[in-house]
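Down below is the structure, laid out as structure tokens.
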């Protein structure tokens, strides 16, 4: 058996041993570094994935979404004997959230139902996840002014009007104001926006239709008088 010798001159046995030792050395060292490198790459991949996920979450948290909700309320024979009414809410971003209803107790007035519709819209906002801004549209200047302007002077006067009479719908107004504050603690902001009634706004007209449907299903007018 002839073996190529190195410059230093090796025997066949030495050549055989050197060849296998070199093979073992390269296999061991090469395999070790390959394992270390693979482990390093895996850690980098996991770190990158975690970092990107965290970054995505931070971006999502800082991304304030905006939703529009349309509300309306109505009362037949408003302020007279046999009055009855209903409220309606339209959510263009998710029509499955559209809803309507009525009070089966208490006064049946336009103003009460306009406020009730806004309260129901806030319930929808409360049940949604994440930070968001809600534009809530209403065609009642009374409801918007009551919740954004007059409420401050009413609070200062102990919930009395400028004439010294108790504020109507006080409990409903207070509960809506509390809900808006509560939403703020969860990164949700609310703006009440006036929209002209029975105009060209499709969603306002749909909310009006739902409010009327609620009134049609309200049988309180059969026996209620105030």
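Numbering (the numbering used here), first residue to last: 326 to 551.
For glycine and all other residues, C-beta sits at the position ideal for the given N, C-alpha and C.
- Task: Between the Cα of residue 388 and those of 485, 529 and 513, spot the shortest distance and give me the residue it belongs to.
- Result: Within the chain shown, numbered from 1, the residue matching residue 388 stands at position 63. The shortest Cα separation from residue 388 among 485, 529 and 513 belongs to 513.
- Query: When the distance is taken between beta carbons, is residue 459 closer than 8 Å to residue 552?
  - Reply: Any question about residue 552 goes unanswered here, given that the chain covers just 326 to 551.
- Message: Within 10 Å of its beta-carbon, does residue 515 have 16 or more other beta-carbons around it, so buried, or fewer, so exposed?
- Response: Your numbering for residue 515 matches position 190 in the chain shown. Flag for residue 515 reads buried.
- Query: Could you give the residue range of the beta strand (DSSP E) that holds residue 398?
  - Reply: If you number the chain shown from 1, residue 398 lands on position 73. Looking at the DSSP string, the run of the beta strand (DSSP E) that includes residue 398 is 390-401.
- Message: Tell me the DSSP secondary structure of residue 513 in three-state form.
- Response: To locate residue 513, count along the chain shown from 1; it is residue 188. Residue 513 falls in the strand class under three-state DSSP.
- Query: In chain order, what residues of the same chain lie with their CB nearer than 7 Å to the CB of residue 539, ignoring the 5 residues before and after it?
  - Reply: Counting from one through the chain shown, the residue named residue 539 turns up at place 214. Excluding positions up to five away in sequence, the list reads 411, 412, 413, 425, 426 and 427.
- Query: Are the beta-carbon atoms of residue 399 and residue 435 separated by less than 8 Å?
  - Reply: On the chain shown, position 74 is the one that residue 399 refers to. On the chain shown, position 110 is the one that residue 435 refers to. Yes, the pair counts as a contact, with Cβ atoms nearer than the cut-off.
- Closest by C-alpha distance to residue 390, when choosing among 445, 438 and 418: Stepping through the chain shown from its first residue, residue 390 is reached at position 65. The option with the nearest alpha carbon to residue 390 is 418.
- Query: When the Cβ atoms of the segment 448-459 are set against those of the segment 478-486, are three or more pairs found closer than 8 Å?
  - Reply: no
- Query: Can you give the beta carbon distance from residue 517 to residue 442, rounded, assuming they're within the 8 Å contact cut?
  - Reply: Within the chain shown, numbered from 1, the residue matching residue 517 stands at position 192. Within the chain shown, numbered from 1, the residue matching residue 442 stands at position 117. Wrong, their Cβ atoms sit about 12 Å apart, outside the cutoff.
- Message: Please list the terminal residues of the continuous alpha helix (DSSP H) segment that includes residue 461.
- Response: Position 136 of the chain shown, counting from 1, holds the residue named residue 461. Taken as a continuous stretch (DSSP letters only), residue 461 belongs to no alpha helix (DSSP H), being part of the beta strand (DSSP E) at 457-463.
- Alpha carbon of residue 533 to alpha carbon of residue 438, nearest angstrom: As a position in the chain shown, residue 533 is number 208, starting the count at 1. As a position in the chain shown, residue 438 is number 113, starting the count at 1. Going from the Cα of residue 533 to the Cα of residue 438 covers about 11 Å.
- Query: Can you tell me whether DSSP reads residue 415 as helix, strand or coil?
  - Reply: Residue mapping note: residue 415 aligns to position 90 of the chain shown, counting from 1. Correct three-state label for residue 415: strand.
- Task: Count the other C-beta atoms from every protein chain shown that fall within 10 angstroms of the C-beta of residue 473, then say buried if there are 16 or more, exposed otherwise.
- Result: One-based indexing of the chain shown puts residue 473 at position 148. Its Cβ having fewer than 16 others within 10 Å, residue 473 is exposed.
- Work out the CA separation of residue 486 and residue 524 for me, nearest whole Å. Taking the first residue of the chain shown as 1, we reach residue 524 at position 199. Taking the first residue of the chain shown as 1, we reach residue 486 at position 161. If I take the Cα positions, the gap works out to 32 Å.
- Buried versus exposed, by CB contacts within 10 Å (16 or more), residue 465: Locating residue 465 in the chain shown gives position 140, counting from the first residue. Label assigned to residue 465: buried.
- Would you identify the three-state DSSP class for residue 539, choosing helix, strand or coil? Stepping through the chain shown from its first residue, residue 539 is reached at position 214. It is helical.
- Query: From residue 461 to residue 495, what distance separates their C-alpha atoms?
  - Reply: Your numbering for residue 461 matches position 136 in the chain shown. Your numbering for residue 495 matches position 170 in the chain shown. Their Cα atoms are separated by approximately 20 Å.
- Query: Based on Cα-Cα distance, which residue from 475, 448, 521 and 404 lies nearest to residue 506?
  - Reply: Here residue 506 corresponds to residue number 181 of the chain shown, with the count starting at 1. Nearest option by C-alpha distance: 448.
- Query: Going by Cα to Cα distance, which pick from 471, 403 and 415 is closest to residue 526?
  - Reply: In the chain shown, counting from the first residue as 1, residue 526 sits at position 201. With distances taken between Cα atoms, residue 526 lies closest to 415.
- Can you give the Cα-Cα distance for residue 421 and residue 490, rounded to whole angstroms? Counting from one through the chain shown, the residue named residue 421 turns up at place 96. Counting from one through the chain shown, the residue named residue 490 turns up at place 165. Between residue 421 and residue 490, the C-alpha separation is close to 41 Å.
- Query: In terms of alpha-carbon separation, which member of 450, 431 and 403 lies closest to residue 392?
  - Reply: Here residue 392 is taken as the residue at index 67 of the chain shown, counted from 1. Out of 450, 431 and 403, 450 has the C-alpha closest to the C-alpha of residue 392.
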